[in-house]
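Input: a single structure, listed below in structure tokens.
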Amino acid sequence: MTDKLMGNAAEFIADQLEISREEMDEFALSSHQKAAAATEAGKFKAEIVPVALQDKRGTTLMERDEPIRPETTLEALAKL
226 MTDKLMGNAA EFIADQLEIS REEMDEFALS SHQKAAAATE AGKFKAEIVP VALQDKRGTT
286 LMERDEPIRP ETTLEALAKL
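Pasting the structure below:
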């Protein structure tokens, strides 16, 4: 374990491998698009188990991986 944050580690590796921000954003966009397509095709059904979450408003059933953003764009990624 180190005291490095994930973002710092990613920047260090990108510098070492000479990967540009644009290349990283293009990879991220492709990754989100592929993950969204695989999810829609049911490729992850055996891996994602629905979980019921309870709060003061009631119960919510979580059935999808929320971090996948199929609508993201290169422009949006560049702003991160």
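Number 269 in the working numbering belongs to position 44 of the sequence shown; there are no gaps in the numbering. Built from N, CA and C at the ideal position, the CB exists for glycine as well. Computed from a predicted structure; not experimentally measured.
Cβ-based neighbour list, residue i, same chain, cut-off 6 Å, excluding 5 preceding and 5 following
i, result
"Glu288", "Pro275"
"Ala253", "Leu302"
"Leu286", "Pro275 and Ala277"
"Thr297", "His257"
"Leu299", "Asp250 and Leu254"
Contact set for residue i: own chain, Cβ-Cβ below 7 Å, skip 5 residues either direction
i, result
"Glu291", "none"
Whole-Å CB distance - residue i paired with residue j, under 8 Å assumed
i, j, result
"Ala260", "Ile293", "5 Å"
"Ala262", "Phe269", "With a Cβ gap of about 11 Å, Ala262 and Phe269 do not count as contacting."
Per-residue burial, residue i [other beta carbons within 10 Å of its own, 16 or more giving buried]
i, result
"Asp280", "exposed"
"Asp228", "exposed"
For residue i: DSSP bridge partner residues
i, result
"Ala277", "Leu286"
Sequence-distant residues of its chain with Cβ nearer than 8 Å to residue i (five each side left out)
i, result
"Met273", "This sequence places Ile at residue 273; Met is not what is there. Closer than 8 Å at the Cβ level, and outside the excluded window around Ile273, lie Glu288, Arg289 and Asp290."
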